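Protein chains in written order, with the working numbering: chain A, 357 to 474; chain B, 2 to 113.
Structure follows, in structure tokens:
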């Protein structure tokens, strides 16, 4: 299967700082990537859809100024959690959809980033 | 609102048994169906995809799709303790812009 690389795997930061998470599709082009958040023992919650060369589309209730998304190339999307607070502590997971698989929508996930805000 | 339901669970089966995981969806025009496996603390891993009615087999896994009844299931034969994980059902509608909708997941425990 296709490989999606996500870094860092875990990060601990102080309240008020910003954290950047990178998501790369290693062996395929992904015009569209997705960012999810998952709290313990809960399912995935879609935060936003990242589109190369255009603005991200955010789900209802997700603050676009707090969760900055940049999709600079066909293989890289970044999520920056700005002014992080303890309630932002969660497992953040990116996923990518290969451009040749747009119709069927198969997603491949990165390894996830566990964010802990002190 | 499009819904994907995984109501049964948690599920516990003995090693070597068949585990049957079920999923129903509300959007009749859904066209793509996926099963992901997620170990605790890890991200989801795609294990099966199915797009047309019937069965699709891959090793010990069989996905079954019935669009008329709007359900998709996953059978795991000869269950192993390493199969213990949460299994997420995901459904996508037609069109390139249609998003994937995930169920809440079923936790499977395979007893040695």
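No residue lacks a Cβ here, since even glycine has one placed at the ideal position from N, Cα and C. On a predicted model such as this, the values are computed, not experimentally measured, just so you know.
*asked:* Going by DSSP, what residue range makes up the beta strand (DSSP E) through residue 391 of chain A?
replied: For residue 391 of chain A, the uninterrupted beta strand (DSSP E) segment begins and ends at 388 to 394.
*Can you tell me where the beta strand (DSSP E) with residue 33 of chain B in it begins and where it stops?*
Counting along the chain, the unbroken beta strand (DSSP E) around residue 33 of chain B starts and ends at 33 to 39.
*Could you give the uninterrupted runs of the beta strand (DSSP E) lying entirely in the segment 396 to 435 of chain A, keeping only those of 3 residues or more?*
Within the segment 396 to 435 of chain A, the beta strand (DSSP E) runs of at least 3 residues that lie entirely inside it are, in chain order, 401 to 407 and 423 to 429.
*Take residue 373 of chain A and list the residues in its own chain whose beta-carbon comes closer than 7 Å to its own, dropping the five residues that flank it on each side.*
Same-chain partners within the cutoff: 440.
*Taking C-beta to C-beta, are residue 107 of chain B and residue 7 of chain B nearer than 8 Å?*
Yes, Cβ-Cβ distance for residue 107 of chain B and residue 7 of chain B is below 8 Å.
*Can you list, in chain order, the residues of the segment 435 to 469 of chain A whose Cβ is nearer than 7 Å to any Cβ on chain B?*
Look at the segment 435 to 469 of chain A: the residues with a C-beta under 7 Å from a C-beta of chain B are 449, 458, 459, 460, 461, 462, 463, 464, 465, 466, 467 and 468.
*asked:* Less than 8 Å between the C-beta atoms of residue 405 of chain A and residue 424 of chain A, yes or no?
replied: Judged by their CB atoms, residue 405 of chain A and residue 424 of chain A are not nearer to each other than the 8 Å cut-off.
_What would DSSP say about residue 383 of chain A, mapped onto helix, strand or coil?_
Looking at residue 383 of chain A - three-state DSSP - the assignment turns out to be coil, as it is neither helix nor strand.
*Taking the alpha carbon of residue 381 of chain A as the point to measure from, which residue in A/451, A/460, A/459 and A/419 has its own alpha carbon closest?*
Answer by Cα proximity: A/451.
*Which residues in chain B sit within 8 Å of residue 399 of chain A, going by Cβ to Cβ distance?*
Residues of chain B whose Cβ lies closer than 8 Å to the Cβ of residue 399 of chain A are, in chain order, 89, 103, 104, 105 and 106.
_Alpha carbon of residue 457 of chain A to alpha carbon of residue 55 of chain B, nearest angstrom_ = Taking C-alpha positions only, residue 457 of chain A is separated from residue 55 of chain B by approximately 22 Å.
*What runs of the beta strand (DSSP E), each 3 residues or longer, lie entirely inside the segment 17 to 97 of chain B?*
Secondary structure remark: continuous beta strand (DSSP E) runs of at least 3 residues inside the segment 17 to 97 of chain B, in chain order: 20 to 26, 33 to 39, 46 to 51, 55 to 59, 62 to 67, 72 to 77 and 86 to 93.
_Can you list, in chain order, the residues of its chain with a C-beta nearer than 8 Å to that of residue 385 of chain A? Leave out the 5 residues immediately preceding and following it._
Same-chain partners within the cutoff: 430, 431, 454 and 455.
*Just checking, does the segment 95 to 113 of chain B make contact with the segment 51 to 67 of chain B on the three C-beta pairs under 8 Å criterion?*
No contact exists between the segment 95 to 113 of chain B and the segment 51 to 67 of chain B.
*Let me know the secondary structure DSSP gives residue 11 of chain B once reduced to three states.*
Looking at residue 11 of chain B - three-state DSSP - the assignment turns out to be coil, as it is neither helix nor strand.
*asked:* Just to make sure I have the definition right: I need the residues of chain E whose C-beta is within less than 7 Å of the C-beta of residue 52 of chain B. Which are they?
replied: In the structure shown, chain E does not exist; the protein chains are A and B.
*Identify which residue in A/468, A/409, A/408 and A/400 has its Cα closest to the Cα of residue 415 of chain A.*
With distances taken between Cα atoms, residue 415 of chain A lies closest to A/400.
*asked:* Tell me the residue span of the beta strand (DSSP E) that contains residue 367 of chain A.
replied: Element bounds for residue 367 of chain A: 366 to 369.
*When the cut-off is 8 Å and only beta carbons count, does residue 402 of chain A lie next to chain B?*
Output row for residue 402 of chain A: interface = yes.
*Listing by chain order, which chain A residues have their CB less than 9 Å from the CB of residue 97 of chain B?*
Those are 388, 458, 459 and 461, listed as they occur along chain A.
_Rounded Cβ spacing between residue 72 of chain B and residue 25 of chain B (contact assumed at less than 8 Å)_ = 5 Å between Cβ atoms; contact.
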